[in-house]
Amino acid sequence: MAKIIYFTASIVPTAQERADIDAINASIHTLNVSNGSVDSGLGMAEECDFVAGTVPPEYAGKPTFDPSAGDLDDNQVIVTDGDAVTVDGAAVTLAVSGNAITGATLPATNAVIANAGTIPVQNSAGAAIGTGTLTVANNNPTNIRLPATIAGVSSGSQNITDAAGKASTATRTVSAGAITTTILAAADCIVKNGNTFTAADGGTITVAVAAGVPTFTYTAP
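For the sequence shown, full-length UniProt numbering begins at 1 and goes up steadily by one.
Written out as structure tokens, the structure is:
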């Protein structure tokens, strides 16, 4: 409980001062009553948590208790500018001005996010790969959804289709957040326009590719 010193204006308390004293005595605090018109002669202020009544100059720096205000309810609290309150493990700093809470500032490493909010998404190398949409439920982010035109891929199988619609299955390797290689099955290969191959008789086979369809031309040795 808090210690309160109530200073009367003279040796005899007025009716209002007696009412104030009664109000404080009815609370849970410890009350000392002192004549504020008489110098204590101690040369220093007595230790206390609050002062009330006609407060002498030497107690001017002490917090003032208002007897008419009474005690706060259990679900009420007094906060001061710069006070911190813990919210979901983060220390939120309160801004108080004009007897009202005007703002609350999170630490720089914490943020408030909302359902359907968006956030830039990076790969493990720090390169931007798109913008994800957040899903928040029960005060927790549950997932980040990429746009339909962006995929998060891992090492594994990959279907590859050429311009003519022919398909093959390749093995994809992902490293440092990027696809590093995509290797076709051993029984498949890639031919490009202008490729040449040596025929068994020593002749040359030249490949022409258009719209995904290869044409082979043989030239005798």
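Every residue gets a Cβ at the ideal spot worked out from N, C-alpha and C, and that includes glycine.
Item to complete: Identify every residue that forms a DSSP beta bridge with T131.
Response: Reading the sequence shown from its first residue, position 131 is the one you call residue 131. T131 is bridged to P120.
Worksheet item: What three-state label does DSSP hand N139 in the structure shown?
Response: As a position in the sequence shown, residue 139 is number 139, starting the count at 1. DSSP places N139 in coil when its eight states are reduced to three.
Discussion item. Tell me which residues share the same chain as N25 and place their Cβ nearer than 8 Å to its Cβ, disregarding the 5 neighbours each side in the sequence.
Written reply: On the sequence shown, position 25 is the one that residue 25 refers to. Cβ neighbours of N25 beyond the five flanking positions: L31.
Worksheet item: For the stretch 189-208 against the stretch 145-152, are there 3 or more C-beta pairs whose distance is under 8 Å?
Response: no
Practice prompt. Report, in whole angstroms, the separation of the C-beta atoms of Y132 and I113, which I expect to be a contact under 8 Å.
Written response: Along the sequence shown, one-based indexing puts residue 132 at 132. Along the sequence shown, one-based indexing puts residue 113 at 113. The sequence as given places Gly at residue 132; Tyr does not occur at that position. That belief does not hold up - the Cβ atoms of G132 and I113 are roughly 11 Å apart, past 8 Å.
Worksheet entry | Three-way DSSP call (helix, strand, coil) for residue 222 in this model | Because residue 222 is not part of the residues shown, which for the chain are 1 to 221, the question remains open.
Practice prompt. Could you tell me which residues DSSP pairs with Y59 in its beta bridges?
Written response: Reading the sequence shown from its first residue, position 59 is the one you call residue 59. According to DSSP, Y59 bridges with nothing at all.
Practice prompt. With DSSP as the reference, label I190 as helix, strand or coil.
Written response: Taking the sequence shown and counting its residues from 1, the one referred to as residue 190 is at position 190. Collapsing the DSSP output to three states places I190 in coil.
Worksheet item: My guess is that G203 and Y218 are in contact by the Cβ rule of under 8 Å, so how many angstroms apart are they, rounded?
Response: Counting from one through the sequence shown, the residue named residue 203 turns up at place 203. Counting from one through the sequence shown, the residue named residue 218 turns up at place 218. Contact holds; Cβ gap of about 6 Å.
Worksheet item: What residues in its chain sit with their C-beta under 6 Å from that of T10, if we drop five residues either side in the sequence?
Response: As a first step, residue 10 is located in the sequence shown; it is residue number 10 there, counting from the start. Here residue 10 turns out to be Ser, not Thr, going by the sequence shown. For S10, where only same-chain residues beyond five positions count, the Cβ hits under 6 Å are S37.
Discussion item. Measuring only the C-alpha atoms, how far is G82 from I179?
Written reply: Mapped onto the sequence shown, residue 82 falls at position 82. Mapped onto the sequence shown, residue 179 falls at position 179. Cα to Cα, the separation comes out at about 49 Å.
Item to complete: Give the DSSP-derived three-state secondary structure of I21 in the structure shown.
Response: Working through the sequence shown from its first residue, we reach residue 21 at position 21. Three-state DSSP puts I21 in a helix.
Worksheet entry | Boundaries of the beta strand (DSSP E) in which Q76 is found, first to last residue | The count along the sequence shown starts at 1 and reaches residue 76 at position 76. Per DSSP, Q76 belongs to no beta strand (DSSP E) and is neither H nor E.
Worksheet item: Relative to the C-alpha of D74, which residue among G53, I28 and T118 is closest?
Response: The sequence position of residue 74 within the sequence shown is 74, counting from 1. When the alpha-carbon of D74 is set against those of G53, I28 and T118, the nearest one is in I28.
Discussion item. If I measure Cβ to Cβ from E58 and keep anything under 7 Å in the same chain, skipping five residues before and after, which residues do I get?
Written reply: Here residue 58 corresponds to residue number 58 of the sequence shown, with the count starting at 1. Closer than 7 Å at Cβ, skipping near neighbours: A45.
Worksheet item: Where T102 and N110 are concerned, what is the direct C-alpha to C-alpha distance, given to the nearest angstrom?
Response: Counting from 1 along the sequence shown, the entry for residue 102 is found at position 102. Counting from 1 along the sequence shown, the entry for residue 110 is found at position 110. Their backbone Cα atoms lie some 19 Å apart in a straight line.
Worksheet entry | Proximity below 8 Å, CB of T169 to CB of S155 | Position 169 of the sequence shown holds residue 169. Position 155 of the sequence shown holds residue 155. No, the pair does not count as a contact, with Cβ atoms beyond the cut-off.
Discussion item. Cutting at 8 Å between CB atoms, please list the residues of its own chain near P13, excluding the five before and the five after it.
Written reply: Within the sequence shown, residue 13 is the residue found at index 13, counting from 1. Excluding its 5 nearest sequence neighbours in each direction, P13 has C-beta neighbours in its own chain below 8 Å: I21 and V33, listed in chain order.
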